[in-house]
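Below is one structure, written out as structure tokens, with a few remarks after it.
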Amino acid sequence: MRERLPDARSPAREVAALLGGLVVVLLAAGLALRALDALPRVLAGERRGVVRYQSIAGAERALGTRLFLPAFFPDTLQWPPASIRVYAGPPAASALAFAGRDGSPDRLVIYQAVGPRATVPMALMPAGRVLQTVPIPMADGEATLFRLQLADGAIANDLIWYRPDVTLAFRYAGPANELLTIAHSVRRRRP
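Heads up: the sequence shown begins at 282 in my numbering, then just goes up one per residue.
Dropping the structure here:
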């Protein structure tokens, strides 16, 4: 009977095999953690980089600036905002969505992108097909009113207002004159 000799692998090969196995395990764990981290965002229908907040104050802390809010608020809208979202950037931006009293979601959305002539990210403000464009005189900066057809076929009015330190954008499922009244009334929220 022959005696079996121990495996003659060199110690360097054993270490390399061990390290290779460790790398595979760590990569698999990292991928699994990344997928689990993205799961709540995917289930909520949010895009990458967008975080929901429970309060305007929380969103302001995340952005490092006070948000603009309208002084005129039509009684067809519900207060407080139905959703408060922040995109870390660049550029840092927020979206305050107000539902209608009739239950319609996102009847008014106020977007704020920090910085002069900043663009509101598509992660917060989905595009629409422009039907009409009208320049609007504003006391502080330049603005344009857009009539849009959204992806779901709905018609909305957008007002994009480039102020010296921030870009404000309003999407409103209501009359353009009411949107202009809302926009003209905005003020930076006081502490």
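C-beta: ideal position from N, C-alpha, C; glycine also.
DSSP assignment within the region 349–411 yields the following whole beta strand (DSSP E) runs of 3 residues or more, N-terminal first: 349–351, 364–368, 374–379, 389–395.
D383 has its alpha-carbon roughly 21 Å from the corresponding atom of D439. By the criterion of a C-beta distance shorter than 8 Å, L461 is surrounded in its chain by I417, L426, L440, once the five residues flanking it on both sides are discounted. In terms of CA proximity to L348, S375 leads the group S375, L358, A435, T357.
For R342, the enclosing alpha helix (DSSP H) covers residues 337–344.
Taking a contact as a CB-CB distance under 8 Å, the pair T400 and P372 counts as one, their CB atoms being some 7 Å apart. Assigned with DSSP and collapsed to three states, L440 falls in strand.
Counting other Cβ atoms within 10 Å of its Cβ, E341 reaches 16 or more and is therefore classed as buried. DSSP, reduced to helix, strand and coil, places P456 outside both helices and strands of the structure shown, so it counts as coil. Annotated as proximal: I365 and Y334, with beta-carbon spacing under 8 Å.
If you draw a straight line from the Cα of P351 to the Cα of A338, it is about 16 Å long.
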